[in-house]
Amino acid sequence: MVRRMSRVSLWFLFPALLLAGALTGCRFGLETRDPWRVEAEEQCIAQKGVIPSAFMEPIPAIDGPGMCGMEHPFRVTALAEGNVVLEPAGKLACPVIHQVDMWVQDVVQPAALAWFGQPVVAISQMSAYSCRGMNGQAGAKISEHAFGNALDVGAFRIADGRWVTVKNGWKGTQEERGFLLQVQAGACERFTTVLAPGSNVFHYDHIHVDLMRHEKGRTICKPAPRPMPAPLIAKAPPMGAPQPEFAPASAPAQAPSYTPAVYAPQPQAAPPPPAPEPQPSFLSTLFGPRPAPAPVEEPPPPPPPAATLQRPAAVITSSPLPPPPSSLPPSSLPPAAVSSGRAPQPYPAAQQPPAPQGMPPGWQVGPQGVPMSYAPSSNPETGSVKRKYYTAPIPQASTLPLPKAKAGED
1 MVRRMSRVSL WFLFPALLLA GALTGCRFGL ETRDPWRVEA EEQCIAQKGV
51 IPSAFMEPIP AIDGPGMCGM EHPFRVTALA EGNVVLEPAG KLACPVIHQV
101 DMWVQDVVQP AALAWFGQPV VAISQMSAYS CRGMNGQAGA KISEHAFGNA
151 LDVGAFRIAD GRWVTVKNGW KGTQEERGFL LQVQAGACER FTTVLAPGSN
201 VFHYDHIHVD LMRHEKGRTI CKPAPRPMPA PLIAKAPPMG APQPEFAPAS
251 APAQAPSYTP AVYAPQPQAA PPPPAPEPQP SFLSTLFGPR PAPAPVEEPP
301 PPPPPAATLQ RPAAVITSSP LPPPPSSLPP SSLPPAAVSS GRAPQPYPAA
351 QQPPAPQGMP PGWQVGPQGV PMSYAPSSNP ETGSVKRKYY TAPIPQASTL
401 PLPKAKAGED
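With UniProt numbering, the residue at position 136 of the sequence shown is 136, and numbering never jumps.
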């Protein structure tokens, strides 16, 4: 009788032990997803946070095991309008896809251009949707990866083919460190949870980002972002039309608990205020407005000189006159008695004396027979005048014969 009762009790206890073991292996098997997760997915799709395409393909809903899964999953093979390949392809929900896509276009690409001078063409992801606990630990709280609401980024491939890994680049060259620090700081502005190398022992080789709704709307960003100033200033190339911004359903607005890493443009100086209009003086208000001054007419040109004043026939030169020949008397003219076979000719007109040497231009020496005057120019239509100078005639020697010099008396 005792043996029969023990056998019956064992048959009842064995299924109970199997059920307990199954529940122990999946501690969240009887739990259900939070309602806000489905609401966030539907709101994101309604606002076109993700537009179905060849690289963002909708797939059937994932329901389980347990509370794992999502109602409207997508299979993502590329981001940024197909310009950045996601390797390997991952299953994600709409809210995190939209934020990752904006993060790549607004943060990752500008950082790559600033530090490497070329864009990112591929991202290596280490975990997308995965029904597991946090950090892959058995018995831990369920991870955001179990809802397709998180992504682990392990490396970035730039246009020249180089891979910038989080594991080696976090303490690598200055360019790699500057790029990864700027990428992490920008992620903290878009996601509610960001864990990078230095946050704990489980994130030494990747950057974890998710949209978990923490208590009291707080955010987690570890380690504290310390972006380095970029050596270059560049903008990401256009990657199609910008997608509409998406905010999770009923997500409380909050200020980040870290210093933003946005490099805001320098404020432009305001234009100077317009100069005030001149105010009328006290006297002008008493006597009324003054009339505009009449235009000043140019004076008429001076009249031409008298007809008796004619221009000199000879041109003054700076060289002295040659001395007279010795066969002639001291006079510069031949005597009237000299016969040349011709009729006697009248004396030539008086000539001007030679200009003295070393005198300034315009100086006159000797009596000034004719005053200075102005003469009209050759082109009277221009209205301009040209200054002319007239000098006195050259004094001539006497025509009377002079007594001959006696030797020894000079």
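Glycine included, C-beta positions come from ideal geometry on N, C-alpha and C. All values reported here derive from a predicted model rather than from experimental measurement.
Inset, instruction - Return the bridge partner residues of residue 221 from the DSSP annotation. - result: Taking the first residue of the sequence shown as position 1, residue 221 is located at position 221. BP columns for residue 221 point to 194.
Inset, instruction - List the endpoints of the continuous beta strand (DSSP E) containing residue 101. - result: If you number the sequence shown from 1, residue 101 lands on position 101. According to the DSSP assignment, residue 101 belongs to no beta strand (DSSP E) but to the alpha helix (DSSP H) extending over 94-103.
Inset, instruction - Measure the alpha-carbon distance for residue 164 versus residue 157 and round it to whole angstroms. - result: Residue mapping note: residue 164 aligns to position 164 of the sequence shown, counting from 1. Residue mapping note: residue 157 aligns to position 157 of the sequence shown, counting from 1. Rounded to whole angstroms, residue 164 to residue 157 spans 6 Å at the Cα level.
Inset, instruction - Measure the Cβ-Cβ separation of residue 148 and residue 93 and say whether it is below 7 Å. - result: Here residue 148 corresponds to residue number 148 of the sequence shown, with the count starting at 1. Here residue 93 corresponds to residue number 93 of the sequence shown, with the count starting at 1. The answer is yes: Cβ separation under 7 Å.
Legend entry - Cβ-based neighbour list, residue 67, same chain, cut-off 6 Å, excluding 5 preceding and 5 following: Taking the first residue of the sequence shown as position 1, residue 67 is located at position 67. The beta carbon of residue 67 is closer than 6 Å to those of 28, 31, 32 and 33 in its chain, skipping five residues each way along the sequence.
Legend entry - Secondary structure of residue 78, DSSP reduced to three states: Position 78 of the sequence shown, counted from the first residue, corresponds to residue 78. Residue 78 falls in the strand class under three-state DSSP.
Legend entry - Endpoints, beta strand (DSSP E) assigned at residue 156: Indexing the sequence shown from 1 puts residue 156 at position 156. Looking at the DSSP string, the run of the beta strand (DSSP E) that includes residue 156 is 150-158.
Legend entry - Buried or exposed by the 16-neighbour rule on C-beta atoms within 10 Å, applied to residue 98: Reading the sequence shown from its first residue, position 98 is the one you call residue 98. Per the 10 Å Cβ criterion, buried.
Legend entry - DSSP-derived helix/strand/coil call for residue 396: Numbered from its first residue, the sequence shown carries residue 396 at position 396. Judged by DSSP in its simplified three-state form, residue 396 adopts coil rather than helix or strand.
Inset, instruction - Please report how far the alpha carbon of residue 26 lies from the alpha carbon of residue 50, in whole angstroms. - result: Taking the sequence shown and counting its residues from 1, the one referred to as residue 26 is at position 26. Taking the sequence shown and counting its residues from 1, the one referred to as residue 50 is at position 50. At residue 26, the pLDDT of 44 sits below 50, so the modelled position is not reliable; the number obtained from the coordinates is stated separately. Cα-Cα distance, rounded: 32 Å.
Inset, instruction - Kindly list the residues whose CB is nearer than 8 Å to the CB of residue 82, restricted to its own chain and excluding five residues on each side of it in sequence; keep chain order. - result: Locating residue 82 in the sequence shown gives position 82, counting from the first residue. Leaving aside the five residues that flank residue 82 on each side, the residues in its chain whose CB is nearer than 8 Å to its CB run, in chain order, 53, 54 and 55.
Legend entry - Member of 227, 85, 202 and 192 whose CA lies at the smallest distance from the CA of residue 411: Look at the range of the chain in this structure, 1 to 410, and you will see that residue 411 is not part of it.
Legend entry - Nearest-angstrom Cβ-Cβ length linking residue 223 and residue 182, presumed shorter than 8 Å: Counting from one through the sequence shown, the residue named residue 223 turns up at place 223. Counting from one through the sequence shown, the residue named residue 182 turns up at place 182. Incorrect: roughly 14 Å between the Cβ atoms, too far for contact.
Inset, instruction - Given a cut-off of 7 Å, decide if residue 37 and residue 57 are closer than it, judged by their beta-carbon atoms. - result: Locating residue 57 in the sequence shown gives position 57, where the first residue counts as 1. Locating residue 37 in the sequence shown gives position 37, where the first residue counts as 1. Judged by their CB atoms, residue 57 and residue 37 are not nearer to each other than the 7 Å cut-off.
Legend entry - DSSP beta-bridge partners of residue 124: For this step, residue 124 is matched to residue 124 along the sequence shown. DSSP, once it has assigned bridges, lists 87 and 155 as partnering residue 124.
Legend entry - Which residues DSSP lists as bridging residue 165, in chain order: For the purposes of this step, residue 165 is identified with residue 165 of the sequence shown, where counting begins at 1. Its beta-bridge partners are 155.
Inset, instruction - Determine the DSSP secondary structure at residue 408, reduced to helix, strand or coil. - result: The residue labelled residue 408 in the question sits at position 408 within the sequence shown. The answer is coil: DSSP assigns residue 408 none of H, G, I, E or B.
Legend entry - CA-to-CA distance, residue 219 to residue 155, given in whole angstroms: Taking the sequence shown and counting its residues from 1, the one referred to as residue 155 is at position 155. Taking the sequence shown and counting its residues from 1, the one referred to as residue 219 is at position 219. When rounded, the distance between both Cα atoms is 24 Å.
Inset, instruction - Please go through the same chain and pick out, in chain order, the residues whose beta-carbon is closer than 6 Å to the beta-carbon of residue 87, but skip the five residues on each side of it. - result: Along the sequence shown, read from residue 1 onward, the residue named residue 87 stands at position 87. For residue 87, where only same-chain residues beyond five positions count, the Cβ hits under 6 Å are 122 and 124.
Inset, instruction - Using beta-carbon positions only, say whether residue 159 and residue 118 come within less than 7 Å of one another. - result: For the purposes of this step, residue 159 is taken as residue 159 along the sequence shown, with counting starting at 1. For the purposes of this step, residue 118 is taken as residue 118 along the sequence shown, with counting starting at 1. Yes, these two residues count as a Cβ contact at 7 Å.
Inset, instruction - State yes or no: is the C-beta of residue 209 within less than 7 Å of the C-beta of residue 185? - result: In the sequence shown, the residue the question calls residue 209 occupies position 209. In the sequence shown, the residue the question calls residue 185 occupies position 185. Cβ atoms of residue 209 and residue 185: not closer than 7 Å.
Legend entry - Contact under 7 Å by Cβ, residue 120 with residue 108: In the sequence shown, counting from the first residue as 1, residue 120 sits at position 120. In the sequence shown, counting from the first residue as 1, residue 108 sits at position 108. With respect to residue 108, residue 120 sits close: the two C-beta atoms are nearer than 7 Å.
Legend entry - As assigned by DSSP and simplified to three states, the class of residue 117: To locate residue 117, count along the sequence shown from 1; it is residue 117. In this structure, residue 117 counts as coil in the three-state DSSP scheme.
Legend entry - Through-space distance from residue 275 to residue 112, alpha-carbon basis: Here residue 112 refers to the residue found at position 112 when the sequence shown is read from its first residue. Here residue 275 refers to the residue found at position 275 when the sequence shown is read from its first residue. Straight across, the Cα-Cα distance linking residue 112 with residue 275 is about 47 Å.
Inset, instruction - Look at the alpha carbon of residue 212 and the alpha carbon of residue 43, and state the distance between them as a whole number of angstroms. - result: Translated into the one-based positions of the sequence shown, residue 212 becomes position 212. Translated into the one-based positions of the sequence shown, residue 43 becomes position 43. A straight line joining the alpha-carbon of residue 212 with that of residue 43 spans about 16 Å.
Legend entry - DSSP beta-bridge partners of residue 208: Taking the first residue of the sequence shown as 1, we reach residue 208 at position 208. Answer by DSSP bridge pairing, in chain order: 152 and 195.
Inset, instruction - Would you verify that the beta carbon of residue 150 is, or is not, closer than 7 Å to some beta carbon of chain C? - result: Here there is only one protein chain, and chain C is not present.
Inset, instruction - Buried or exposed for residue 302, please, with buried defined as at least 16 other CB atoms from any protein chain shown within 10 angstroms of its CB. - result: Numbered from its first residue, the sequence shown carries residue 302 at position 302. Exposed, since its Cβ has fewer than 16 Cβ neighbours within 10 Å.
Inset, instruction - Pull up the DSSP beta-bridge partners for residue 69, would you. - result: Position 69 of the sequence shown holds residue 69. Answer by DSSP bridge pairing, in chain order: 63.
Legend entry - Beta-bridge partners of residue 142, as assigned by DSSP: Here the question's residue 142 lines up with position 142 in the sequence shown. Paired residue(s): 133.
Legend entry - Where the beta strand (DSSP E) through residue 35 begins and ends: The count along the sequence shown starts at 1 and reaches residue 35 at position 35. That residue, residue 35, is in no beta strand (DSSP E); its alpha helix (DSSP H) goes 35-46.
Legend entry - residue 215 - DSSP class collapsed to helix/strand/coil: Along the sequence shown, one-based indexing puts residue 215 at 215. Reduced to three states, the DSSP call for residue 215 is helix.
Legend entry - residue 273 in three-state terms, based on DSSP: Within the sequence shown, residue 273 is the residue found at index 273, counting from 1. Residue 273 carries a coil assignment under DSSP once its states are collapsed to helix, strand and coil.
Inset, instruction - Kindly indicate which three-state DSSP category residue 110 falls into: helix, strand or coil? - result: Working through the sequence shown from its first residue, we reach residue 110 at position 110. The answer is helix: DSSP assigns residue 110 an H, G or I state.
Inset, instruction - Taking residue 190 as the reference, give the member of 221, 168 and 180 with the closest Cα. - result: Numbered from its first residue, the sequence shown carries residue 190 at position 190. Among 221, 168 and 180, the Cα nearest to that of residue 190 belongs to 221.
Inset, instruction - Leaving aside the five residues before and after residue 403 along the sequence, list all residues of the same chain whose C-beta is less than 7 Å from its C-beta, in chain order. - result: Position 403 of the sequence shown, counted from the first residue, corresponds to residue 403. None.
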